[in-house]
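Student:
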Amino acid sequence: MRLRHTALIGAFTAVGIALVLAGVRLGSSLALLPWSGMFWLVSAVVALLLITPLVVCVAGHLVLMRRGPRLRLRDLGLTRPNRFPVGLLLWVPLAIVTSASATGATLGLLAALDSSSGADDSGPSTTSDLVAELPPAAGLAIAAGTVIVFPLFEEIVCRGMLHGALSRRVAPWAAIVLSALVFSLLHVTPLVMPYVFVLGLWLAWLHRRYESILPSIVLHCCNNALVALIALSSL
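According to full-length UniProt numbering, the stretch in the sequence shown is residues 1 to 235, in order.
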């Protein structure tokens, strides 16, 4: 049942993103605003990080909570941990360090392959340039969504629903690995997938250890806050 709920929320996400971007595109056309690459970047990121999760949560509540079997907060992992999570003082930095190590190992392997093949990667970084060109207000808004909104939404879906449903059907270790794999694939970008996969292992393990997604949300927020701080430092 919860797997079906997760699929429905995923569909709401896709539809929400499309509607938000279409609305922004239509509004810019009616207002005769230029649709530059920066305007597209800001609109897309705002849609993903701020507007879409809110729309999806409301729609998911209306459709999933009010029709058919009711989902309780406990079903989503939003319950008090079975113990005081003092261990987060250790788990949070350890999770971030191990996740970053996975990315470092991946980049090192890619660099070795590039050097052996003689590939030249001296071109400019378009993504870095676009981030550096973001207005401060837009950067702060995106950072707020990244640190606060997205962790809550992703933990409800990926840990509370997906990992919770998998835990009832497969072995605990398999549920942790599979949910982390799906979590990494949702982030699309290949270079960040190793980082997100290892982070997903930690997030699912915390969910199982404390029988609550609240510790996972804390770790996720801390991780995203660090990422946002690094990104904002380039503005």
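Backbone N, C-alpha and C define an ideal beta-carbon position, used for all residues, glycine too. Quick caveat: nothing in here was measured; it's all calculated off a predicted structure.
Assuming Pro215 contacts Leu89 (C-beta within less than 8 angstroms), just tell me the rounded distance between them.
Tutor: Contact flag wrong, Cβ pair sits at about 11 angstroms.
Student: If we call anything under 8 angstroms between Cβ atoms a contact, is Ala180 one with Ala204?
Tutor: For Ala180 and Ala204, yes; Cβs fall inside 8 angstroms.
Student: Just how far apart, CA to CA, sit Val227 and Ser212?
Tutor: About 24 angstroms.
Student: Considering only the beta carbon of each residue, do Ala102 and Pro194 sit closer than 8 angstroms?
Tutor: In this structure, Pro194 lies closer than 8 angstroms to Ala102 by Cβ.
Student: Grouping DSSP H, G and I as helix and E and B as strand, with all else coil, what is Arg209?
Tutor: Of the three classes helix, strand and coil, the one that applies to Arg209 here is helix, per DSSP.
Student: Should Trp202 go down as buried or exposed, given a rule of 16 or more other Cβ atoms within 10 Å for buried?
Tutor: With 16 or more other Cβ atoms within 10 Å, it is buried.
Student: Quick one: grab the DSSP three-state call for His187.
Tutor: Correct three-state label for His187: coil.
Student: Pull up the distance between the alpha-carbon of Val218 and that of Ala112, whole angstroms please.
Tutor: In a straight line, the C-alpha of Val218 is about 36 angstroms away from that of Ala112.
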